[in-house]
Amino acid sequence: MITLNHYLIVSAILFATGAAGVFLRRNVITVLLSIEIMLNAANLALVAFGRYLGRVDGQIIVFFVVTVAAAEAAVGLALVIALFRHRESLDPDTFTTLRW
Amino acid sequence: MLFLIPIFPLAGFVLNASLGRRLPKSVSGAIACVAMAASFGLSVASMIALTRLEPSARVVDQTLYTWMASGDLMVPLALRLDPLSALMILVVTGVGFLIHVYSVGYMHEETGSEHARYFSYLNLFAFFMLVLVLAANFPVMFVGWEGVGLCSYLLIGFWYRKKTAADAGKKAFIVNRVGDFGFLLGMFLLFATFGTLDFRELASAAAAWTPEAQFGTLSLSALLLFVGATGKSAQIPLYVWLPDAMEGPTPVSALIHAATMVTAGVYMIGRNAVLYSHAPLVLGIVAVVGLATAVLAATIGLVQNDIKRVLAYSTVSQLGLMFLGMGVGAYAAGIFHLFTHAFFKALLFLGSGAVIHALAGEQDIRRMGGLRRELPVTYWTFVIGALAIAGVPGLAGFFSKDEILYRTFATGHPWMWAIGVAASLMTGIYMFRLVFVAFHGERAAAAGAPDAHGSAGFAHPAGHGSSGGHLHDAPRAMAIPLVLLAAGSVLAGYVGVPAVLGGQNRIEAFLEPSFTVHDAAAAGAHGDEAAAAGEHDAQTEIALMAVSSGVAVLAIGVAFYFFQSRRQAAAALAARFAGVHRLLLNKYYVDEIYDKAVVRPVKRLSTEVLWRGVDAGLVDGAVNGVGSTVGVASRAIRRLQTGSLRAYAAGVLGGALLILGYYLWR
């Protein structure tokens, strides 16, 4: 029997993986992919709770998240392309000029 | 209808101030003159209408609208025509109109925009002066009072590129502010005491009080108002601005600083005659201050060499005599002298202006002389003015000055009378000194005399004649006002021929209602009083009159001896009493004393305490302190903004974990 806890543990592992990817990878595209993983970790938790409570609210929120994530991915990739054209690099550590 | 009288000059001002620089000079001058002429016509019409009424009913009120309404304070914008203000508007518009016409001739060398500026100021002045005299309550009067002060400042400093003129303007304004402060305080005190600021209501309220033998509220408010009058009317201790005011164009000196504005203080006392009658102590102060000013200014006038300065001190001295008249309770006599003085002093100033105009800006009488042959019109009119002011029988000054002196004697002040006679003796001497030195004798070589004032030639860079060449007499625009004013100086006195000389002193009877309370009972009581006082000793009056006539002739004789037949005698006298001479020439060092006692300490206070301490230390310190605190703090905090994406993400994650941890282990 797969309980709610199993789902939540998978979700936490996915979220930690995504967070590690955001912090450790040196490629902006991979960072974006890691963010997608974190979003989907949240989605998994949401549908699991929805199923556990017998309601559809969780699934509705997930639909919104998927939509927003699609838009975010489009904007993010466009930014990445623009950045690459500008700097010939995808390492986030090189983009530090936006400061005092 | 009444408001139309001041509206015309206001319209002239607006036209000249807005469009003046685009109009040709002839048009801007004409606008100003027409505005004054219209005002004068209305004034004459209203005077005639007023004389048709019963003497007790001669009051016309017009309330335009409520200006201020706050709690108990109700101030309507109200004008009032009564005998006193009717006489004043006649003087202001009549003499004012002549001076406007004269100015067209005098100022024709100015550029178009300057010309328009001059006439707009002049019209604005006339407007404010008319508001001042027509006002029915103190606040409206105060508007005019401040307005004429403003115009005086603007016109004294008309040639503002000249430093002395700009300084003189500031001096006039600041000295007047001191007086105005007293005036304001007096006004507040009156409102606090009586709850009204309308002149008639104040008069009837004050009439209910018994005259104050001790110094009380009534006396204090009257005294404070008199402080305002000393500022505006150039009395001790605030007279110092008037002689300096001669830096302005000469027609301005004639209009503002001789004929009209400086008489505002006298007028104000006349307007509040009932109030002052109930404060006899203050009346005494007024009389003493007036007399002291009359003598002081006359002695200074004896030795000054600038023709306009002599006239200025003469004005101060004559104003002193008016205050003496007010102070002994002879309000009608004071106003009568104001009326005649307006004619002959305006005439003398305009005459001196014609001389200055002809001599390309020369004002030092030592460099004049012999002008009688070259400037006949100016000479004869000037002589008439001098005769009138000296008090020669038959001319205007004789009747009015004699009335003041007689009333001083009759009210039991023989010493004041004697000093007043001495002052008028000096008046005659310095006036005829001007006549003999400037118009008789021979012209001194221009290069000889030291340039005492450094002002020669400034006003008229393209002057009419050089010192050696042929001089032009006044052009027609200047000559006609001179002649008309000369006629006025001869005839103006005949409205007030005293009873002993077969006259009826009509002006006194005419003005009397303005100085009394208006309800019938009080008026009747006053009438009896006047009748009782009327049986005065005719012989005394004749005798006093003879004395002052003799004094006038004596003055001319003395002036003739010293400044015509034996000029070296004057020089010898000056050398003999060198100390006194120097004291007088330096105007008793009053300016220097004021500078040391008032101006310097105020300047030091402003520099050391208010500027360096309060402004630079406190105000700037607070502002700069806030700025530098923010600067220092942000220099530390801005290290957080690294620009690194990872650092920000770490911040977000750390924050999220912190909040999560807080809820988990709460």
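Residue numbers (my numbering), protein chains in the order written: chain P, -17 to 82; chain D, 937 to 1602. Note that CB positions come from ideal geometry on N, CA and C, so glycine has one too. Quantities reported herein were computed from a predicted structural model and do not represent experimental measurements.
Can you tell me whether residue i is buried or exposed? The criterion is at least 16 other CB atoms within 10 Å of its CB, across all chains shown.
i: D:A1457; result: Its pLDDT being 41, under 50, D:A1457 is placed unreliably in this model, and the coordinates cannot settle the point.
i: D:T1029; result: buried
i: D:Y1249; result: buried
i: D:A1435; result: exposed
i: P:N(-13); result: exposed
i: D:E990; result: exposed
i: D:M1262; result: buried
i: D:G1041; result: buried
i: D:E1378; result: exposed
i: D:G1206; result: buried
i: D:L1541; result: exposed
i: P:R67; result: exposed
i: D:N1560; result: exposed
i: D:S1006; result: exposed
i: D:E1444; result: buried
i: D:R1245; result: buried
i: D:D1180; result: buried
i: D:G1553; result: exposed
i: D:V1555; result: exposed
i: P:I63; result: exposed
i: D:I1325; result: buried
i: D:P1019; result: buried
i: D:Q1577; result: exposed
i: P:N25; result: buried
i: D:L1593; result: exposed
i: D:E1477; result: buried
i: P:T79; result: exposed
Taking the straight line between their C-alpha atoms, what separation do you get for residue i and residue j?
i: D:A1269; j: D:M1258; result: 8 Å
i: D:D1408; j: D:A1294; result: In the sequence on display, residue 1408 of chain D carries His and not Asp. If I take the Cα positions, the gap works out to 6 Å.
i: D:L1013; j: D:A1141; result: 21 Å
i: D:R1536; j: D:V1319; result: 43 Å
i: P:A11; j: P:L72; result: It is Ile, not Ala, that sits at residue 11 of chain P in the sequence shown. Approximately 8 Å between the Cα atoms of the pair.
i: D:G1083; j: D:A1474; result: 44 Å
i: D:L1420; j: D:F1074; result: 34 Å
i: D:V950; j: D:I1340; result: 41 Å
i: D:R1016; j: D:S1213; result: 22 Å
i: D:A1230; j: D:G1201; result: 15 Å
i: P:G3; j: P:G36; result: 33 Å
i: D:K1539; j: D:C969; result: 43 Å
i: D:V1079; j: D:K1168; result: 14 Å
i: P:I(-5); j: D:V1562; result: 51 Å
i: D:R1574; j: P:E54; result: 29 Å
i: D:V1431; j: D:P942; result: 26 Å
i: D:I1595; j: D:A1586; result: 14 Å
i: D:R1369; j: D:L1247; result: 12 Å
i: D:W1316; j: D:F1280; result: 13 Å
i: D:A1513; j: D:L1490; result: Per the sequence shown, the amino acid found at residue 1513 of chain D is Phe instead of Ala. Each residue's alpha carbon lies about 22 Å from the other.
i: D:A1062; j: D:G1105; result: 18 Å
i: D:A1072; j: D:P1173; result: 29 Å
What distance in whole Å lies between the Cβ atoms of residue j and residue i, which are believed to be in contact at a cut-off of 8 Å?
i: D:S964; j: D:A1052; result: 4 Å
i: D:L1217; j: D:F1151; result: 6 Å
i: D:A1190; j: D:L1286; result: 5 Å
i: D:A1223; j: D:V1264; result: 5 Å
i: D:S1039; j: D:L1058; result: 7 Å
i: D:A1215; j: D:S1155; result: 4 Å
i: D:A1278; j: D:V1027; result: 5 Å
i: D:G1256; j: D:L1227; result: 6 Å
Using a threshold of 7 Å, is the CB atom of residue i nearer than that to any non-hydrogen atom of the ligand COA?
i: D:L1589; result: In the structure shown, the ligand COA is absent, as is every other ligand, since no ligand is present at all.
Residues of chain B with CB closer than 7 Å to the CB of residue i, please, in chain order.
i: P:L80; result: Any reference to chain B falls outside this structure, whose protein chains are P and D.
message: Output needed in chain order: residues of the region 19 to 46 of chain P with a Cβ under 7 Å from some Cβ in chain D.
response: none
query: Taking contact to mean at least 3 C-beta pairs separated by less than 8 Å, is the region 1092 to 1109 of chain D in contact with the region 989 to 997 of chain D?
result: no
query: Between the region 31 to 40 of chain P and the region 52 to 67 of chain P, do three or more beta carbon pairs fall short of 8 Å?
result: no
task: Could you name the residues of the region 61 to 76 of chain P whose beta carbon sits closer than 9 Å to any beta carbon of chain D, in the order they occur along the chain?
output: P74, D75
Near-chain D residues of the region -6 to 6 of chain P - C-beta to any C-beta below 8 Å: A1, V4, F5
- prompt: Per the contact definition of three or more C-beta pairs closer than 8 Å, is the region 978 to 986 of chain D in contact with the region 949 to 957 of chain D?
  reply: no
task: May I ask you to verify whether the region 1420 to 1428 of chain D touches the region 1317 to 1333 of chain D, counting CB pairs closer than 8 Å and requiring at least 3?
output: yes
- prompt: How do the region 1321 to 1340 of chain D and the region 1289 to 1307 of chain D stand: do at least 3 beta-carbon pairs fall below 8 Å, yes or no?
  reply: no
field: the region 1490 to 1506 of chain D touching the region 1362 to 1371 of chain D, judged by at least three CB pairs closer than 8 Å
entry: yes
message: To be precise: take each residue of the region 1576 to 1600 of chain D, compare its Cβ to all Cβ atoms of chain P, and keep it if any distance is under 8 Å. Which residues remain?
response: Q1577, T1578, G1579, S1580, L1581, R1582, A1585, A1586, L1589
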